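Single-structure report; data block below.
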């Protein structure tokens, strides 16, 4: 039977916290790549009172970084699913049919 208590499930998933040390290590690596390639988030505005943070290179790199993190989770979740979570119900018996050509 399917579990349709999605509100509770959604709250649990949204409430899942990634350890700060893990997040900090990801951010540190990203920022180091940006430093190594001299890519800045934006530029100072003309009055010096703030920043414009719309540098296309930064936006592209940040998007690639976030997509990479997502892919790092997506594929293991797709291919490493525990047997008890693969499908509802019992797996039907599969009977392979073998056909032989009559070469007579």
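In our numbering, the protein residues as written are 6 to 109.
Glycine is no exception: its CB is placed at the ideal position from the N, C-alpha and C atoms.
Because the structure is a prediction, the values reported are computed rather than measured.
Delimiting residues of the alpha helix (DSSP H) encompassing residue i
| i | result |
| --- | --- |
| residue 9 | No alpha helix (DSSP H) holds residue 9; DSSP gives it neither H nor E. |
| residue 89 | Per DSSP, residue 89 belongs to no alpha helix (DSSP H) and is neither H nor E. |
| residue 35 | 25-41 |
Cα-Cα separation between residue i and residue j, rounded to whole angstroms
| i | j | result |
| --- | --- | --- |
| residue 12 | residue 102 | 44 Å |
| residue 70 | residue 64 | 10 Å |
| residue 62 | residue 39 | 10 Å |
| residue 100 | residue 59 | 59 Å |
| residue 32 | residue 98 | 48 Å |
| residue 21 | residue 78 | 14 Å |
| residue 84 | residue 92 | 13 Å |
| residue 14 | residue 30 | 28 Å |
| residue 9 | residue 74 | 29 Å |
| residue 81 | residue 87 | 11 Å |
| residue 28 | residue 94 | 38 Å |
| residue 57 | residue 45 | 11 Å |
Spatially closest choice to residue i from the options, by CA coordinates
| i | options | result |
| --- | --- | --- |
| residue 37 | 97, 9, 90, 66 | 66 |
Sheet register partners of residue i (DSSP bridge)
| i | result |
| --- | --- |
| residue 56 | 49 |
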